Amino acid sequence: MGEFDKILKENIEALLLPLSGKLLGIRIQATREVKEKLQSTIEREPDFLKWVTDDTGAEFLLHLEFQTQDDPKMVYRMAEYKALLLRKFEVSVRQFVLYLGVGQSKMVTDLPAGQEIKGYALKNLSEIPLDQTLHSSVPEEILLAILGDYPREEGVKVIKRIIERLWSLQSDETTRQHYLQHLVILSRLRKLDSITEEIADQMPITYDIETDHFYQKGRSREKEEIIKNMLADSSFSLEEIARLTNTSLAIVQKIQGGNTSS
-12 MGEFDKILKE NIEALLLPLS GKLLGIRIQA TREVKEKLQS TIEREPDFLK WVTDDTGAEF
48 LLHLEFQTQD DPKMVYRMAE YKALLLRKFE VSVRQFVLYL GVGQSKMVTD LPAGQEIKGY
108 ALKNLSEIPL DQTLHSSVPE EILLAILGDY PREEGVKVIK RIIERLWSLQ SDETTRQHYL
168 QHLVILSRLR KLDSITEEIA DQMPITYDIE TDHFYQKGRS REKEEIIKNM LADSSFSLEE
228 IARLTNTSLA IVQKIQGGNT SS
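Numbering (the working numbering), first residue to last: -12 to 249.
Have a look at this one:
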């Protein structure tokens, strides 16, 4: 998931309280960290794992995973997590997969007969009503509106409403840029990132495109192609190429040797 996974992990603390009741059906009263690490051969740590106390006083482990596309083995992955958590803590575990992709996920949520560890709950963020997120006073929840339930042809209108709502809650320019950068990245999940950038250019806001990860990656590849072309032209020395492209000699030599980022 890369950038999307990072954004959700950064914002999940702010999102947990407003989303838990609306999306998960859990009214959280308190949370605390799970300090212990899962000692196992699993490929990755859970995306989100916390001790939660709900409004009835019940305490349990809340486990969330984020998916941008269907994983045919997701039900086994969740079962593996659950088995490890049950063995280690011997408490109730509630699991949810939050699907960020377009439309509805078709992932299987329950194991076949004879393999049961009771399945997880699957939630499609594309089904969240637009008004629910846009009327929120939590910026991180407002950002999720870009992944919500609206016709694609209304994308421009939705993006403008998201930005206007965020700006009404936040006047600090640095914080605004932070939210806007997250919006651009999340909008890629709906193939609306170019439209988001165009709208950002038209509105009285500043978005520093040069801080964007994908922009930086594109610039790096562009410079690499220039260096390759200069290397093919024998009239330039390695030192001249490094100086003219504002690159270190070591990188030029690395590209010359065929060890590049592509």
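All C-beta atoms, glycine included, are put in the ideal place defined by N, C-alpha and C. Just so we're clear, the structure is a prediction, and the values are computed from it rather than from any experiment.
C-alpha of G101 to C-alpha of A237: approximately 58 Å in a straight line. The alpha-carbon of L134 is positioned some 6 Å away from that of L112. Counted as a single uninterrupted DSSP element, the alpha helix (DSSP H) harbouring Y68 occupies residues M61 to F76. In the three-state DSSP reduction, N216 falls in the helix class (H, G or I). Shown here, I15 sits in a strand according to DSSP, grouped into three states.
From the listed residues F76, V89 and R14, the smallest Cα separation to G44 is found for R14. According to DSSP, residue pairing for E52 in a beta bridge involves V84. Boundaries of the beta strand (DSSP E) harbouring V39: F35 to D41, taken from the DSSP string.
Each residue's CA atom was taken as its position, placing Q189 and V145 some 15 Å apart.
Cβ neighbours of K210 within its own chain (closer than 8 Å, five residues either side excluded): T232 and T234. Here the stretch 48 to 57 makes contact with the stretch 82 to 93; the two share three or more CB pairs at distances below 8 Å. Look at the beta carbons and you see the stretch 90 to 100 touching the stretch 56 to 73: at least three pairs across the two are nearer than 8 Å. Residue state for P126 is assigned as helix, using DSSP reduced to three classes.
At the C-beta level, L11 and E128 stay beyond 8 Å of one another.
Residue pairing for E46: DSSP places it in a beta bridge opposite T40. Short of 6 Å from the beta carbon of L(-5), and not among the five residues preceding or following it, lie these beta carbons of its own chain, in chain order: F53.
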